[in-house]
Amino acid sequence: MTARVSTIDQSLDLQLDALNEFGCNEIFKEKVSGAKDDREELKQALRMLRPGDKFVVYKLDRLARSTKRLIEIADELREKQVEFVSIQDNIDTGTAAGKAMFGMLSVLAEFERDIIRERTMAGLKAARARGRKGGRPKVNQQKLNQAIALYHSKRMSVKEIQEATGVSAATLYRALKKEQTQ
1 MTARVSTIDQ SLDLQLDALN EFGCNEIFKE KVSGAKDDRE ELKQALRMLR PGDKFVVYKL
61 DRLARSTKRL IEIADELREK QVEFVSIQDN IDTGTAAGKA MFGMLSVLAE FERDIIRERT
121 MAGLKAARAR GRKGGRPKVN QQKLNQAIAL YHSKRMSVKE IQEATGVSAA TLYRALKKEQ
181 TQ
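Counting from 1, one number per residue, gives the positions in the sequence shown under my numbering.
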């Protein structure tokens, strides 16, 4: 069985010592914060994993800063039939207790998502009851027509049109594209 590792902190000897003591044969060192989701070394480590490998981290917070991201990684490992070990947190999905712990984390993450969704829906309902509508405000059609006319006249730059009419460049370009398809 091959052990593969992703560490987040690039210079912590404590982590490296623990990973080497565990018997890891490949250690990936990140140069960016664990709070970032776009981490090249983590991506590379996950790509290299094969069924039967162990993915080892020093501590869960070195792998992900949010429960949601942690669960996403755990699901990916499960799909690849890779065991997960967190040395400091005493989690090893190769054991029944480790699988149970990860199962509980999964349930808690789903619970967290449900609560957020319920709060959002309650907030939207309360806002509607007070006469507020959600979503992006409607563009003033008269100003948009003026912006389109100015654009076609070629007398002003898009930035100048934006300043004169208050219509954003993105809105103007969307309207021009829509105009072309009609």
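Just so you know, even glycine gets a beta-carbon here, dropped at the ideal spot from N, CA and C.
Computed from a predicted structure; not experimentally measured.
(request) Can you give me the Cβ contacts of M101 inside the same chain, cut-off strictly under 7 angstroms, excluding the 5 residues immediately before and after it? (result) Within the sequence shown, residue 101 is the residue found at index 101, counting from 1. So the qualifying residues of the chain are I91.
(request) Tell me where the beta strand (DSSP E) around E83 begins and ends. (result) Numbered from its first residue, the sequence shown carries residue 83 at position 83. Residues E83 to S86.
(request) Measuring alpha carbon to alpha carbon, tell me which of R62, A109 and Y173 ends up nearest Q88. (result) Position 88 of the sequence shown, counting from 1, holds the residue named residue 88. Ranking R62, A109 and Y173 by Cα distance to Q88 puts R62 first.
(request) Evaluate T165 with the Cβ neighbour count: other Cβ atoms within 10 Å of its Cβ, from every protein chain shown; 16 or more gives buried, anything less gives exposed. (result) For this step, residue 165 is matched to residue 165 along the sequence shown. By the neighbour-count rule (16 or more Cβ atoms within 10 Å), T165 is buried.
(message) Classify F111: buried if its beta carbon has 16 or more other beta carbons within 10 angstroms, exposed otherwise.
(response) Numbered from 1 along the sequence shown, position 111 holds the residue referred to as residue 111. F111 should be labelled exposed.
(request) State the Cα-Cα distance for the pair K178 and E72, rounded to the nearest angstrom. (result) Here residue 178 refers to the residue found at position 178 of the sequence shown. Here residue 72 refers to the residue found at position 72 of the sequence shown. Taking the straight line joining both Cα atoms gives about 38 angstroms.
(request) Can you give me the Cβ contacts of L77 inside the same chain, cut-off strictly under 6 angstroms, excluding the 5 residues immediately before and after it? (result) Working through the sequence shown from its first residue, we reach residue 77 at position 77. Same-chain partners within the cutoff: F55 and F84.
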